[in-house]
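By full-length UniProt numbering, the letter at position 200 of the sequence shown is numbered 200, and the numbering carries on one by one without gaps. Before any comments, here is the structure.
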Amino acid sequence: MEHLIESMKIIGDDTIQRTQLKHRMSLVDSFAIQKGMSVIEIGCGQGDTTVVLADAVGETGRVLAVDIASADYGAPITLGEATAAISASKLGKQVEFLLETDLLELPETKFDAAILSHSSWYFRNPDQLLAYLTKLRSMADRLYLAEWDLAFSRISQRSHFAATAILALYSEFIENEGNIQYVFDLAQFQNLLEKAGWTIQQTEIVDAYYLQDGSWEAAYAKSIRQEFAQTPPRIQTLVNSLYSLLVVEGADSLDSLVISAD
Numbered sequence: 001m002e003h004l005i006e007s008m009k010i011i012g013d014d015t016i017q018r019t020q021l022k023h024r025m026s027l028v029d030s031f032a033i034q035k036g037m038s039v040i041e042i043g044c045g046q047g048d049t050t051v052v053l054a055d056a057v058g059e060t061g062r063v064l065a066v067d068i069a070s071a072d073y074g075a076p077i078t079l080g081e082a083t084a085a086i087s088a089s090k091l092g093k094q095v096e097f098l099l100e101t102d103l104l105e106l107p108e109t110k111f112d113a114a115i116l117s118h119s120s121w122y123f124r125n126p127d128q129l130l131a132y133l134t135k136l137r138s139m140a141d142r143l144y145l146a147e148w149d150l151a152f153s154r155i156s157q158r159s160h161f162a163a164t165a166i167l168a169l170y171s172e173f174i175e176n177e178g179n180i181q182y183v184f185d186l187a188q189f190q191n192l193l194e195k196a197g198w199t200i201q202q203t204e205i206v207d208a209y210y211l212q213d214g215s216w217e218a219a220y221a222k223s224i225r226q227e228f229a230q231t232p233p234r235i236q237t238l239v240n241s242l243y244s245l246l247v248v249e250g251a252d253s254l255d256s257l258v259i260s261a262d
């Protein structure tokens, strides 16, 4: 892990980054990425999964990391700062970042695998995600999709689930740039992948309860509670019920659902 940490821009203590990388390494293990492969990653963000993919493909492989967000998106480290640090590292020679880039506008270059790692909930509706999955069908031999698993198995994960529901409702009624715009579950993924021409080969659950994301999402959901005052009364009743399930301290993250398709 040390060489991955060295490739990233980190402010202060690296404990959180190590925890996040631990999970990304588990995800990439489930993707079965091999040396020499060519990979396209959609929604690379600050590159947490990208560095693990770059390490997995090795010096003979390549990773094209694409994100529609601008270089100044993100805090306290922007996407531009984070991706520049990776590009300047030892892993940089096997990674190309394309920020402010819509996959639908790229040429149909061939890749061994396409990756969507915790990026699908940024899509604002099923049609947007379907368009991406359809484009990737013509570009990649295999697809790996990882997202939070809504079928939580621990009561300590309920708060992350409640926060997810709150933030999905928030995006439905209030325009925002948050990282939960539309919540897809396994059944929806199965339907969209089939429509796009993919055949699901395997689904897997990867432990993620130890991540900080559950607490982060719960805290964010708590911070925007007053904004629901502008939503219909029936929605406010539902939201209040969800807030009654919300705790910030000790909120475990949902696990990750991984879907493999070809």
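Every residue gets a Cβ at the ideal spot worked out from N, C-alpha and C, and that includes glycine.
Other residues of its chain near residue i: CB distance less than 6 Å, five sequence neighbours each side excluded
| i | result |
| --- | --- |
| Glu-96 | Leu-64 |
| Val-52 | Arg-24, Met-25, Val-28 |
| Thr-78 | Asp-72 |
| Arg-142 | Ala-113, Asp-262 |
| Ser-7 | Val-51, Ile-86, Ser-89, Leu-91 |
| Arg-62 | Ser-38, Gln-94 |
| Ile-10 | Gln-17 |
| Gln-202 | Ser-260 |
Spatial neighbours of residue i in its chain, beta-carbon cut-off 8 Å, leaving aside the 5 residues before and after
| i | result |
| --- | --- |
| Leu-104 | Ala-131, Tyr-132, Lys-135 |
| Glu-59 | Lys-93, Gln-94 |
| Met-1 | Arg-18, Leu-21, Lys-22, Met-25 |
N- and C-terminal bounds of the beta strand (DSSP E) containing residue i
| i | result |
| --- | --- |
| Val-206 | 200 to 206 |
| Ala-114 | 111 to 117 |
For residue i, three-class secondary structure by DSSP
| i | result |
| --- | --- |
| Leu-186 | helix |
| Ala-140 | strand |
| Asp-84 | The residue you asked about is not Asp; residue 84 is Ala in the sequence shown. In this structure, Ala-84 counts as helix in the three-state DSSP scheme. |
| Leu-150 | coil |
| Leu-254 | coil |
| Leu-129 | helix |
| Ile-42 | strand |
| Val-57 | helix |
| Ile-77 | coil |
| Ser-70 | coil |
| Val-63 | strand |
| Ala-261 | strand |
| Leu-91 | coil |
| Leu-103 | helix |
| Leu-192 | helix |
Straight-line Cα distance separating residue j from residue i
| i | j | result |
| --- | --- | --- |
| Trp-198 | Ser-223 | 39 Å |
| Ala-54 | Leu-91 | 6 Å |
| Asp-252 | Ala-165 | 16 Å |
| Ile-259 | Ser-159 | 24 Å |
| Glu-194 | Glu-81 | 37 Å |
| Gln-236 | Gln-230 | 9 Å |
| Ala-219 | Arg-225 | 10 Å |
| Ser-256 | Ile-155 | 16 Å |
| Ser-153 | Tyr-209 | 10 Å |
| Val-183 | Glu-108 | 28 Å |
| Ser-241 | Arg-234 | 11 Å |
| Ser-87 | Gln-20 | 20 Å |
| Ser-171 | Arg-124 | 9 Å |
| Gly-36 | Phe-228 | 49 Å |
| Ile-200 | Ala-151 | 19 Å |
| Gln-190 | Phe-161 | 20 Å |
Extent of the continuous alpha helix (DSSP H) run through residue i
| i | result |
| --- | --- |
| Leu-98 | Segment 95 to 99 is the beta strand (DSSP E) holding Leu-98; no alpha helix (DSSP H) there. |
| Ala-219 | 213 to 223 |
| Ala-162 | 158 to 173 |
| Leu-4 | 2 to 6 |
| Arg-124 | No alpha helix (DSSP H) holds Arg-124; DSSP gives it neither H nor E. |
| Met-37 | First-last for Met-37: undefined, no H or E at that position. |
| Asn-179 | Element bounds for Asn-179: n/a, residue is neither H nor E. |
| Val-28 | 15 to 31 |
| Ile-235 | 233 to 243 |
Same chain, Cβ closer than 7 Å to residue i, neighbours up to 5 away in sequence not counted
| i | result |
| --- | --- |
| Ala-221 | Ala-163, Ile-166, Leu-167, Leu-246 |
| Val-66 | Ile-40, Glu-41, Ile-42, Cys-44, Leu-98, Thr-101, Leu-103 |
| Lys-110 | Met-139 |
| Tyr-122 | Gly-43, Asn-179, Gln-181 |
| Asp-14 | Ile-5 |
| Ile-33 | Val-39, Leu-53, Ala-56, Val-57, Ala-113 |
| Asp-149 | Ile-205, Leu-254, Asp-255, Ser-256, Leu-257 |
Cβ-heavy atom distance, residue i to the ligand ZN, below 7 Å
| i | result |
| --- | --- |
| Ile-180 | Ligands displayed in this structure: none; no statement on the ligand ZN is therefore possible. |
- Is the segment 30 to 44 close to the segment 107 to 117, with three or more CB pairs under 8 Å? Here the segment 30 to 44 makes contact with the segment 107 to 117; the two share three or more CB pairs at distances below 8 Å.
- Item | Meets three-Cβ-pair contact criterion under 8 Å: the segment 240 to 254 and the segment 201 to 220 | Contact between the segment 240 to 254 and the segment 201 to 220 is present, because at least three Cβ pairs lie under 8 Å.
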